[in-house]
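Residue 1 in this note's numbering is what sits at position 1 of the sequence shown, and the numbering runs on without skipping anything.
Only one structure is covered here, and it is reproduced in the block below.
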Amino acid sequence: MVKGVMSIKLSDRQHEIIEIVKKEQPITSEQIADRLNLTRAALRSDLSILTMTGILEARPKVGYFHTGRVPFNMLVQYVDNIKVKDIKTRPMVVDGDTSVYDSIVTIFIEDIGTLFIQSEGYLAGVVSRKDFVKHAIGTNDLTRLPVNMIMTRMPNIIMLEDDETMADAIMKMVEHEIDCMPVVEKCNTGDGKERYKITGRVSKTGIIRAIYEMIKA
Ligand code: ADP
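Take a look at the structure:
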């Protein structure tokens, strides 16, 4: 379950109304008011919010139905609020001297498309399916070629930090035409160089999964 899915708040009463409609649809506003011991007038604004957002549908002379749709503005709010730390998954990291052959085996075993490469424990590069294909087409002996020879290397890596949002992640993916980014923590190593520890990954699949969880919730 992605943390923060429930951070988009309808009021408690609006949730109660949705539950009643789900169970008893079609149901009239009088009947909903009755279940909640309220007057119809007291319910009017909640019902209009729930129909305007598309969560409920009002059919004249029949009553209210639950549509199962997620309001677009809620999705936007979700994408804008949820943090990278809440959607990141475990990173797959190998050392730079790992062979291209073993790296390819790893992406199959782990069922992923991008590997992160580290050097002395810090992010050094990224290697993706296209990089592997490009080098597999040549006559290279893939068991002898180290993965750091074919990776895209620092400082050209597009990264994310925990407190960026899912919207930031989507923007970076589209603008840089990449499928996956390492989530990093900047480290002060005292030598004046910027180094980053890899703490997670965010991939297109991860983004789709987070949106799916929001729709389901
Ligand atoms: P695929 O190879 O499956 O198309 P990408 O579109 O992510 O995957 O990769 C395209 C190119 O971008 C590759 O050369 C890869 O090394 C590079 N790349 C992938 N992810 C990143 C990243 N986060 N930062 C910089 N370059 C990346």
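We put the beta carbon where it would ideally sit given N, CA and C, even for glycine.
As the structure is a computational prediction, the values presented were derived from the model and not from experiment.
1) Give the single residue among T199, K85, D141 and I158 whose Cα lies nearest to the Cα of E164.
2) Between which two residues does the beta strand (DSSP E) containing R223 stretch?
3) At the level of alpha carbons, what is the spacing between T53 and P182?
4) Can you list, in chain order, the residues of its chain whose CB lies under 6 Å from that of I157, leaving out five sequence neighbours each side?
5) If we require 4 or more residues per run, which alpha helix (DSSP H) segments fall completely within the segment 87–111?
6) Please determine whether the Cβ atom of R129 lies at a distance below 7 Å from any heavy atom of ligand 1.
7) What does the Cβ neighbour count give for Y64, buried or exposed, with the cut at 16 atoms within 10 Å?
8) Suppose the cutoff is 8 Å on Cβ atoms and the five residues either side in sequence are ignored; what does the same chain contact list for L36 look like?
9) Which ranges would you report for the beta strand (DSSP E) in the segment 21–84 if only whole runs of at least 3 residues count?
10) Report all residues from its chain with a CB closer than 6 Å to the CB of E110; omit the five preceding and five following residues, and keep chain order.
11) Could you tell me if the beta carbon of G113 falls within a distance shorter than 7 Å of some heavy atom in ligand 1?
12) Whose C-beta lies closer than 6 Å to the C-beta of M1 among residues of the same chain, with five residues either side of it excluded?
Taking the definition as stated:
1) Checking every option, the nearest Cα to that of E164 belongs to K85.
2) Nothing about residue 223 can be reported from this structure: the residues present for the chain run from 1 to 217 only.
3) Spanning the two alpha carbons is a distance of roughly 35 Å.
4) Result list for I157: V126, in chain order.
5) Fully enclosed alpha helix (DSSP H) runs of no fewer than 4 residues occupy 100–110 of the segment 87–111, in order along the chain.
6) Result yes, Cβ under 7 Å from ligand 1.
7) Classification for Y64: buried.
8) Result list for L36: R13, E16, I17, I20 and L43, in chain order.
9) Complete beta strand (DSSP E) runs here, min 3: 56–59 and 63–66.
10) Counting only Cβ-Cβ distances below 6 Å, and skipping sequence neighbours, we find M92.
11) At a threshold of 7 Å, G113 counts as near ligand 1, since its beta carbon sits closer than that to one of the ligand's heavy atoms.
12) Residue placement at M1 cannot be trusted, given a pLDDT of 45 that sits under 50; the coordinates are not used to answer.
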